[in-house]
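These protein sequences, in sequence, are chains A and B.
Each number in my numbering corresponds to the 1-based position in the first sequence with 3 added.
Each number in my numbering corresponds to the 1-based position in the second sequence with 39 added.
Only one structure is covered here, and it is reproduced in the block below.
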Amino acid sequence: MNETLDYLEALAKRARSESSPRVHVSAQVLARLSEPQRRIDTHMAVVALASAAMATITIAVSVWSRLAPPDPIESMIEVSSLLGL
Amino acid sequence: MSQHIAKIPAGSPYVANVGPSDDRPDVVSTADRTDIAASLHGDQDGYARLVSRYEAIIGTQMWRFTRDVSAHEELVQEVFVEGYMSLKGFRGHAPFEHWIRRIATRVGYRYWRKESRERDRRNAMEQWRRTKMIPAADRTPSQAAECLFQLLETLPPKDRLVLTLFYFEGWDMGEIADRVGWSRTLVKVRAHRARRKLRALLEAEGFGGSGSTPDPVGEVGP
Numbered sequence: 004m005n006e007t008l009d010y011l012e013a014l015a016k017r018a019r020s021e022s023s024p025r026v027h028v029s030a031q032v033l034a035r036l037s038e039p040q041r042r043i044d045t046h047m048a049v050v051a052l053a054s055a056a057m058a059t060i061t062i063a064v065s066v067w068s069r070l071a072p073p074d075p076i077e078s079m080i081e082v083s084s085l086l087g088l
Numbered sequence: 040m041s042q043h044i045a046k047i048p049a050g051s052p053y054v055a056n057v058g059p060s061d062d063r064p065d066v067v068s069t070a071d072r073t074d075i076a077a078s079l080h081g082d083q084d085g086y087a088r089l090v091s092r093y094e095a096i097i098g099t100q101m102w103r104f105t106r107d108v109s110a111h112e113e114l115v116q117e118v119f120v121e122g123y124m125s126l127k128g129f130r131g132h133a134p135f136e137h138w139i140r141r142i143a144t145r146v147g148y149r150y151w152r153k154e155s156r157e158r159d160r161r162n163a164m165e166q167w168r169r170t171k172m173i174p175a176a177d178r179t180p181s182q183a184a185e186c187l188f189q190l191l192e193t194l195p196p197k198d199r200l201v202l203t204l205f206y207f208e209g210w211d212m213g214e215i216a217d218r219v220g221w222s223r224t225l226v227k228v229r230a231h232r233a234r235r236k237l238r239a240l241l242e243a244e245g246f247g248g249s250g251s252t253p254d255p256v257g258e259v260g261p
């Protein structure tokens with residue numbers, strides 16, 4: 004092997020005996036595992052609320068339009084007045 | 040009393056059969072098997088035990104990917120969070136340690152890809168130059184690790200990954216291929232080229248010289 008690769012091997016041999024910083028991550032891992040679930044729950048709640056609101060508006064409009072069917076002549080007059088005819 | 044975290048949807052082949060899903064022998068220790076099953080049922084204490092059992096090993100591995108203490112802890116956490124999310128896919132064909140170390144390799148590599156910038160590589164080279172004349176034998180393990188880390192940091196992420204696992208972990212080409220998910224030939228070719236780049240870089244710095252013996256990583260041509 005050449006000198007350069009010998010140098011790398013020697014460095015690696017010494018480096019492998021280095022101790023890494025000690026870590027205790029159980030609590031943080033469990034906290035992170037609970038966190039996304041809450042975030043997903045919040046997002047789902049917002050989406051559900053928005054869907055419910057849209058559904059309520061749609062139902063209200065459809066009920067109103069069924070109860071008061073538009074008169075075609077009245078609609079024509081409204082449109083023509085809007086256009087300034 | 041056990042607390043609960045996000046329960047993984049049912050259907051893990053490992054838990055369903057209390058062992059691997061086919062005829063291969065179960066190589067998972069009893070303690071790991073119990074804790075994996077508990078975790079898959081949402082038992083927080085079960086997963087906490089798994090984390091405590093492997094955090095030192097994963098801590099050492101992630102120290103090869105960053106020398107920054109806070110980033111290091113973040114990475115270790117990330118490995119276990121990702122491990123939990125993927126636990127359903129654990130088949131029990133290899134020890135849990137192998138499985139979680141494969142995830143650690145993936146997390147570390149992703150971190151490099153996100154962080155790797157040309158400026159950082161140049162800085163790594165500058166830092167290495169300041170201490171390059173100190174022989175390896177005169178360095179403490181930490182200094183040697185720092186020096187090797189800086190040298191490997193000068194390489195593109197894929198090359199760096201192969202040589203980090205080769206030098207720091209002492210894994211052979213087969214083990215690297217298994218942990219990274221690349222073919223053995225690809226790992227061999229990449230290691231060979233990466234070492235050639237590193238050697239060229241060191242020699243350009245006036246370090247060492249060419250010998251007649253070939254690179255033992257492999258004589259797979261360019």
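Glycine residues also receive a C-beta, built at the ideal position from the N, C-alpha and C atoms.
Note that the structure is predicted; figures quoted are calculated from it, not measured.
Along the region 6-20 of chain A, what residues have a CB closer than 9 angstroms to any CB found in chain B?
Glu6, Thr7, Leu8, Asp9, Tyr10, Leu11, Glu12, Ala13, Leu14, Ala15, Lys16, Arg17, Ala18, Arg19, Ser20
Residues of the region 52-77 of chain A with Cβ closer than 9 angstroms to any Cβ of chain B, in chain order:
From the region 52-77 of chain A, no residue has a Cβ closer than 9 angstroms to chain B.
Looking at chain B, is there any beta carbon in it that lies within less than 8 angstroms of the beta carbon of His46 of chain A?
no
Verify whether the separation of the beta carbon atoms of Glu117 of chain B and Val146 of chain B is less than 8 angstroms.
Contact: yes.
Check the Cβ of Gln83 of chain B against every Cβ in chain A and list those closer than 9 angstroms, keeping chain order.
Leu33, Leu36, Ser37
Rounded to whole angstroms, what is the Cα-Cα separation between Gln182 of chain B and Thr45 of chain A?
48 angstroms
At what residues does the alpha helix (DSSP H) containing Pro195 of chain B begin and finish?
From DSSP, Pro195 of chain B is part of no alpha helix (DSSP H); its letter is neither H nor E.
Interface positions of the region 199-210 of chain B facing chain A (Cβ-Cβ less than 7 angstroms), listed along the chain
Tyr206, Phe207, Gly209
Pick out whichever of B:Met101, B:Arg168, B:Glu112 has its Cα sitting closest to the Cα of Glu21 of chain A.
B:Met101
C-alpha distance - Tyr150 of chain B paired with Val32 of chain A, whole-angstrom precision:
18 angstroms
Please classify Asp107 of chain B: does DSSP put it in a helix, a strand, or coil?
Note: Asp107 of chain B maps to coil in three-state DSSP.
Cα separation between Leu126 of chain B and Ser29 of chain A?
16 angstroms
Specify the secondary structure class of Asp211 of chain B as computed by DSSP and reduced to three states.
coil
Determine, using beta-carbon pairs with one atom in the region 192-204 of chain B and one in the region 230-239 of chain B, whether at least three such pairs fall under 8 angstroms.
yes
Contact with chain A by Ser91 of chain B, beta-carbon distance below 8 angstroms
yes
Taking Cβ positions only, does Gln116 of chain B come closer than 8 angstroms to chain C?
The question asks about chain C, but that chain is absent: this structure's protein chains are A and B.
In whole angstroms, what separates the C-alpha of Ala133 of chain B from that of Val67 of chain B?
7 angstroms
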